[in-house]
Amino acid sequence: MNRVKEKIMELVFLFTAVISIVAVALICIFLFANGYPAIHKIGLWEFLSGKTWRPTNQIFGIFPMIIGSLYVTGGALVIGVPVGILMAVFLSRFCPKKLYRMLKPIVDLLAGIPSIVYGFFGLVVIVPFVREHMKGDGNSILTASVLLGIMILPTVIGVSESAIRAVEQSYYEGALALGATHERSVFTVVVPAAKSGIMAAVVLGVGRAIGETMAVIMVAGNQARVPHSIFQGVRTLTANIVMEMGYAADLHRETLIATGVVLFVFILMINLSFSLLKRRGGEK
Amino acid sequence: MEAVNRQSFRDKMKSYQKHPGSFLLLLLVLLAAVFTVSVLVFLVGYILIHGIPYLKPSLFAWEYTSENVSMLPAMINTLFITVLALAISIPFGVGAAIYLVEYAKKGNKLVGVIRVTAETLSGIPSIIYGLFGMLFFVTALKWGYSMLAGAMTLAIMVLPVIMRTTEEALLCVPDSFREGSFGLGAGKLRTIFRIVLPSAVPGILSGIILAIGRIVGETAALIYTAGTVAGAAGFFDSGRTLAIHMYSLSREGMHTHEAYATAVVLLVVVLIINGASSLIAKKFEAPRK
Numbered sequence: 006m007n008r009v010k011e012k013i014m015e016l017v018f019l020f021t022a023v024i025s026i027v028a029v030a031l032i033c034i035f036l037f038a039n040g041y042p043a044i045h046k047i048g049l050w051e052f053l054s055g056k057t058w059r060p061t062n063q064i065f066g067i068f069p070m071i072i073g074s075l076y077v078t079g080g081a082l083v084i085g086v087p088v089g090i091l092m093a094v095f096l097s098r099f100c101p102k103k104l105y106r107m108l109k110p111i112v113d114l115l116a117g118i119p120s121i122v123y124g125f126f127g128l129v130v131i132v133p134f135v136r137e138h139m140k141g142d143g144n145s146i147l148t149a150s151v152l153l154g155i156m157i158l159p160t161v162i163g164v165s166e167s168a169i170r171a172v173e174q175s176y177y178e179g180a181l182a183l184g185a186t187h188e189r190s191v192f193t194v195v196v197p198a199a200k201s202g203i204m205a206a207v208v209l210g211v212g213r214a215i216g217e218t219m220a221v222i223m224v225a226g227n228q229a230r231v232p233h234s235i236f237q238g239v240r241t242l243t244a245n246i247v248m249e250m251g252y253a254a255d256l257h258r259e260t261l262i263a264t265g266v267v268l269f270v271f272i273l274m275i276n277l278s279f280s281l282l283k284r285r286g287g288e289k
Numbered sequence: 027m028e029a030v031n032r033q034s035f036r037d038k039m040k041s042y043q044k045h046p047g048s049f050l051l052l053l054l055v056l057l058a059a060v061f062t063v064s065v066l067v068f069l070v071g072y073i074l075i076h077g078i079p080y081l082k083p084s085l086f087a088w089e090y091t092s093e094n095v096s097m098l099p100a101m102i103n104t105l106f107i108t109v110l111a112l113a114i115s116i117p118f119g120v121g122a123a124i125y126l127v128e129y130a131k132k133g134n135k136l137v138g139v140i141r142v143t144a145e146t147l148s149g150i151p152s153i154i155y156g157l158f159g160m161l162f163f164v165t166a167l168k169w170g171y172s173m174l175a176g177a178m179t180l181a182i183m184v185l186p187v188i189m190r191t192t193e194e195a196l197l198c199v200p201d202s203f204r205e206g207s208f209g210l211g212a213g214k215l216r217t218i219f220r221i222v223l224p225s226a227v228p229g230i231l232s233g234i235i236l237a238i239g240r241i242v243g244e245t246a247a248l249i250y251t252a253g254t255v256a257g258a259a260g261f262f263d264s265g266r267t268l269a270i271h272m273y274s275l276s277r278e279g280m281h282t283h284e285a286y287a288t289a290v291v292l293l294v295v296v297l298i299i300n301g302a303s304s305l306i307a308k309k310f311e312a313p314r315k
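Just so you know, the sequences run in chain order A and B.
The numbering of the first sequence is my numbering, which starts it at 6 and goes up by one.
The numbering of the second sequence is my numbering, which starts it at 27 and goes up by one.
In structure tokens:
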């Protein structure tokens, strides 16, 4: 009786473990199956490289949105990566223990703030600032980049901090013994040794930035065209889905799902490179 | 380490005079820290200062009308969907972690696949979950825009969080506990439920708190699964959570004040969640070290 119970429960646990495989399979199947008809009808190349998005005329090219996602993500990296890595260095090698106990919750809080609150903050603070002190109407690539740069900070900080902490102390001590200052030892010996971990942090940041939806919608302007300056509005792949899914039908709806498929493929590539980088970091 | 390179402040300044590059690096690092902290303080402070004056009692009216734009129904919905999503996600997440740690043999190929898929799940952005939820739960299973569809979508979304934290917590339980239990004649199941799980509770709890944080702040995954209808909802009704409520308010542009107030409530919830998780971490991890 007991042995039967043990066996049954083992199977139950196995079943729960398999759920994540089932979930990934279902997500892939449903996205690709629902996105494929649109891509098939329009043609993959026309869909990806078409510069015009005009659903009312049945013209569906998502090139502006791909460019938009890339621009905004790139801008976020310009702000988030240097600040994030420097902050990680500060937390792991400069900060006294007492201060660390105060700073760590701050970084955690930054990670915990919902994206809708970030978006609202961007809407009421950053957008008016850009409009009044710079150029354009404030809903722009620049605004979205600044906001996303802040949003990916905790991700970049968290992963690079643990990468820097994982570097053996002897590296640092060796550099000090050779006469380098604390800063020089950290930046020329410890940080390079944590390179693949820090790269993984950047890749994870890219993933967060490219997949961010609500915050971007509220500050990016969402015009579906190829922008010519960073003060112009832009629409990302994620925004395209949320903006139009509410009223889209037929082919239009299918193209939005296909937009999701394109985003999903991007994310899968990013995930793959993240785990490759992490594995390489782990081997050392 | 500190004892070896103890330097007086003056020595340090002298050293920086000799190495201006190092001083520059120090400045940059400090600047980054100041930037990060001030961004957070500014953001939280700005929203609290502008939002708290608008926290009027009418915002917490029992019924939602387009006049009072009450957020109470949205708060109830948020609570409901959180409980529902966790009720689905915790058994599966904890069960999966138990399988990975307690049952799976080393080198089991299935374990590798499970790990990869869990990692994939945690990397998928919420809008993709939203699309999937819409295609699968709302359309294919014909649940329509409903709390249940939203909760299922969220449950899949937080599954990897709960799995990972539980797995870590289980791995932290020393093997001697298990051996002791087996030695006293307990079976595997009994050992897991009576010995291993109870000692892993703090870790599991911190995972659950993390999951709650993600659920409460979620918007993109819910818009096209749970929908945006204002007002308290049942299992198969569409209803908006607090985050979606705030999105609708700030989109319309007519209720900026109320959006501020909602942001305050969301921020307070996040503050409580973060406080709780660090409290748990402090309480349970300190004695172990």
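C-beta atoms are modelled at their ideal positions from N, C-alpha and C, and glycine is treated no differently.
Item, Value
"N62/A, enclosing alpha helix (DSSP H) - first and last residue", "Element bounds for N62/A: n/a, residue is neither H nor E."
"Nearest residue (CA-CA) to I234/B, options A87/B, I270/B, S148/B and S115/B", "S115/B"
"8 Å Cβ cutoff, E194/B in contact with chain A", "no"
"Interface partners of K214/B on chain E, CB under 7 Å", "The structure shown has no chain E; the protein chains it does contain are A and B."
"Buried/exposed call for N134/B, threshold 16 Cβ in 10 Å", "exposed"
"Nearest residue (CA-CA) to M250/A, options R36/B, P151/B and G156/B", "G156/B"
"Heavy atom of the ligand MN within 7 Å of I114/B beta-carbon", "No copy of the ligand MN occurs in the structure displayed, which carries no ligand at all."
"Nearest-angstrom Cα separation, counted from M223/A out to N144/A", "8 Å"
"8 Å Cβ shell around K40/B - same chain, five flanking residues per side excluded", "none"
"G239/B in three-state terms, based on DSSP", "helix"
"Distance between A237/B and A212/B (C-alpha atoms, nearest Å)", "33 Å"
"Residue(s) in a DSSP beta bridge with V239/A", "G226/A"
"Pick from G257/B, L136/B, M97/B and S34/B that is closest to H283/B, judged by C-alpha positions", "M97/B"
"Alpha helix (DSSP H) segment containing R277/B, residue limits", "L268 to E278"
"CA-to-CA distance, E188/A to L51/B, given in whole angstroms", "7 Å"
"T264/A and I275/A closer than 8 Å at C-beta", "no"
"Beta-carbon neighbours of P117/B, restricted to chain A and to distances below 9 Å", "T21"
"Boundaries of the alpha helix (DSSP H) in which N103/B is found, first to last residue", "L98 to I124"
"For G127/A and K289/A, the rounded distance between their alpha carbons", "Legend: pLDDT at K289/A = 45, less than 50; position of this residue unreliable, no value from coordinates given."
"Spatial distance of A113/B from N103/B (CA atoms)", "15 Å"
"Beta-carbon proximity of E217/A to Y129/B, cut-off 8 Å", "no"
"Cβ separation of I121/A and A195/B, assumed to be a contact under 8 Å, to the nearest whole Å", "Actually they do not touch by this definition, with Cβ atoms about 30 Å apart."
"CA-to-CA distance, I90/A to K315/B, given in whole angstroms", "Below a pLDDT of 50, predicted positions are generally treated as unreliable, and K315/B, at 38, falls in that range; the measurement from the model is reported next regardless. Looking at the two C-alpha atoms, the distance is approximately 29 Å."
"Min CB distance S304/B to chain A below 8 Å", "yes"
"CB of A111/B within 8 Å of CB of V184/B, strictly", "yes"
"Reduced DSSP secondary structure (H/G/I, E/B, other) of T21/A", "helix"
"Pick from L53/A, I84/A, N62/A and Q63/A that is closest to G73/A, judged by C-alpha positions", "L53/A"
"C-beta contact flag for Y90/B and P83/B at 8 Å", "no"
"Buried versus exposed call for K283/A [16 or more other C-beta atoms within 10 Å across all chains shown]", "buried"
"Three CB pairs or more closer than 8 Å across the region 173-184 of chain A and the region 152-160 of chain A", "no"
"Meets three-Cβ-pair contact criterion under 8 Å: the region 83-103 of chain A and the region 201-212 of chain A", "yes"
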